[in-house]
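Asks: My numbering numbers the first residue of the sequence shown as 602 and each following residue consecutively. In this text, a Cβ means the ideal position worked out from N, Cα and C, and glycines have one as well. So that we are looking at the same thing, I have put the structure below in structure tokens.
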Amino acid sequence: MIESQRLQDSVLLFLPLCPSTNARMGVVRMGGFCRQILTKEARDYISSVGTPLAWWKKASRFPTLDNYFALDLWYVLPRINCDASNYGKVLFDALEEGGIVSNDKYILPRVRGIWHDKQTVAVVKLPWRK
């Protein structure tokens, strides 16, 4: 499911495209209040990508990123009217779930490229520190 390619000072991860931020939160009524919670689709993505990321991290001995860093992103989106800035939140939550980053607030995203195709994927370039 997760493919990786080691570069000289970084690693590329090829991940399935996550749900859009627009489909990330759902409104639920709790008593007299309304609250927003993650949708089932977002929770499923976070668990289905976070667990293999944790296995990959352990197998490759990738260190946990615990300081601010630039994250380069390339997207293959399903339609031309998709907004690339809407795909980060759930992806960052999955990176945090997998132990790649200690807190997703450290991620400084840079979208480097966008393509359109029915096969959707996100390519993430992580810095490799020793």
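Shortest alpha-carbon distance to Pro-617 belongs to which of Lys-690, Tyr-676 and Leu-727?
Replies: Among Lys-690, Tyr-676 and Leu-727, the Cα nearest to that of Pro-617 belongs to Tyr-676.
Asks: What did DSSP end up calling Ser-611 once you bin it into helix, strand or coil?
Replies: Three-state DSSP puts Ser-611 in a strand.
Asks: Helix, strand or coil for Glu-669? Go by DSSP, reduced to three states.
Replies: For clarity, residue 669 is Tyr in the given sequence; the question names Glu instead. If DSSP states are grouped into helix, strand and coil, Tyr-669 belongs with coil.
Asks: For a test of the three-state rule: what should DSSP assign to Lys-658, helix, strand or coil?
Replies: Three-state DSSP puts Lys-658 in a helix.
Asks: List the endpoints of the continuous alpha helix (DSSP H) containing Val-691.
Replies: Element bounds for Val-691: 689 to 698.
Asks: What are the partner residues of Val-722, as DSSP defines its beta bridges?
Replies: Looking at the DSSP assignment, Val-722 forms a beta bridge with Pro-617 and Val-677.
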